[in-house]
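Have a look at the structure below, then the notes.
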Amino acid sequence: MQAIIQVMDSTIAVRDPYTVEHQKRTTHIATTIAQDLGLSPANLVTLVVASRLHDLGKIAVPMEILCKPGRLTDPEFAIIKTHPQVASDILKPLNFPEGITQTIMQHHEHLDGSGYPHGLEGREIMMEAKILAVADVVEAMCSHRPYSPALGIEKAMEEITQKRGIFYDPAVVDSCLRLYQESPVVLMGEIPSVAGKPLEPLGALPERATYDLSPELQEKLVGHVWQRLFPKKPRMVMH
Ligand SMILES: [Fe+2]
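Read in order, the letters of the sequence shown are residues 0 to 238 in numbering that gives the first Met the number 0.
Structure follows, in structure tokens:
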């Protein structure tokens, strides 16, 4: 699993290193919320793997659309909307557990049915995808890119508050807001950005119970569950 994620990272990074960083940071935020909500270990693993790969399908989106400053046209947005399906198609031959591919497929669905690609509503959306949706928008609004400056953590919290119960699951939003109140650094995994400024790198993070799912531990956990899911393919597990 670790090798698969590494290969995907390097493949995406050849032309779009921002998406790789986005996926790593989103995974941190998503797992922090998931632990706060008491997600089961199996669901946590699904969420970790799905978060690390959720925007893989953007590999099929032309760079002039991905990096376009300002509003996208409808045809451009239609191309963006294909990325969950593209990711699912890329991962299909690897026989990923259904929960992982479905979480990736559903990470842009909204509670009110206004999301994509299938316009799913409320209970039709997996909990892992609901968590990933919130983590995704928070990270995206906080990250600074040359063509799209960071809006900042305050704006991100406003956004999920406004769309609570409309786009985003209320329990997930409440957990994210609570974690932010307790410690923005623990939620974000680094010093949160302020509007228009890049994220500042942070050295050693404070030791906190909610921060015990380090990237190394994530990989270990994924490997362990992979072994359980696919006991006949130990070689894929160990490397
Ligand atoms: Fe996405």
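Note that beta-carbon positions come from the ideal geometry of N, C-alpha and C, so glycine has one too.
Original post:
How close, in whole Å, do the beta carbons of A289 and Q105 come, if the pair is a contact with beta carbons under 8 Å?
Top reply: For the chain, the structure presents residues 0 to 238; residue 289 sits outside this window and is missing.
Original post:
Does the count of Cβ pairs from the segment 169-185 and the segment 61-68 closer than 8 Å reach three?
Top reply: The count of Cβ pairs closer than 8 Å, one atom from the segment 169-185 and one from the segment 61-68, stays below three, leaving the stretches out of contact.
Original post:
What do you get for G112, buried or exposed, if any count of 16 or more other CB atoms within 10 angstroms of its CB means buried?
Top reply: Counting the other Cβ atoms within 10 Å of the Cβ of G112 gives fewer than 16, which makes it exposed.
Original post:
What does Y167 pair with, by DSSP beta-bridge criteria?
Top reply: In the DSSP assignment, the residues bridged to Y167 are R163.
**OP:** Could you please give the first and the last residue of the uninterrupted alpha helix (DSSP H) stretch that includes K23?
**Re:** Boundaries of the alpha helix (DSSP H) around K23: 16-36.
**OP:** Compute the Euclidean distance between the alpha carbons of I58 and R24, then round it to the nearest angstrom.
**Re:** Taking the straight line from one Cα to the other gives about 19 Å.
**OP:** Would you check if the distance between the CB atom of H107 and the CB atom of G118 is smaller than 8 Å?
**Re:** Their beta carbons are not under 8 Å apart, which means H107 does not touch G118 by this criterion.
**OP:** Please say whether L46 and T102 have beta carbons closer to each other than 8 Å?
**Re:** Note that the C-beta distance between T102 and L46 is below 8 Å.
Original post:
Mind checking if T45 is an interface residue toward chain D, Cβ cutoff 8 Å exclusive?
Top reply: Looking at the structure shown, chain D is missing, and only one protein chain is on hand.
Original post:
Apart from the five residues on each side of it in sequence, which residues of its chain come closer than 8 Å, Cβ to Cβ, to L178?
Top reply: Within the same chain, L178 has close Cβ partners T31, I32, D35, V185, L186, T209.
Subject >> Nearest neighbour of V137, chosen from R122, H143, V60, A155 [CA to CA] >> reply: Measuring from the Cα of V137, the nearest candidate turns out to be A155.
**OP:** With distances taken Cα to Cα, identify the nearest neighbour of A41 among G98, A77, M62, P92.
**Re:** Nearest of G98, A77, M62, P92 to A41, Cα basis: G98.
Subject >> Helix, strand or coil at R144 [DSSP, three-state] >> reply: Strand, per DSSP.
Original post:
For I130, which of D88, A149, P169 has the nearest alpha-carbon?
Top reply: Out of D88, A149, P169, P169 has the C-alpha closest to the C-alpha of I130.
Subject >> Integer-rounded CB distance, given that I3 should sit under 8 Å from L93 >> reply: Correct: roughly 7 Å between the Cβ atoms.
**OP:** Give the straight-line distance between the Cα atoms of R14 and M7, rounded to the nearest whole angstrom.
**Re:** R14 and M7: Cα-Cα distance of roughly 12 Å.
**OP:** Output the distance between the C-alpha atoms of F76 and M62, rounded to the nearest integer angstrom.
**Re:** For F76 and M62, the distance between alpha carbons rounds to 13 Å.
Subject >> Rounded C-alpha distance that separates Y167 from I78 >> reply: So the two alpha carbons sit approximately 23 Å from each other.
Subject >> V19 versus A12 - alpha carbon distance >> reply: A12 has its alpha-carbon roughly 6 Å from the corresponding atom of V19.
Original post:
Where do the ends of the alpha helix (DSSP H) carrying A2 lie?
Top reply: Going by DSSP, A2 is part of the alpha helix (DSSP H) stretching over 1-12.
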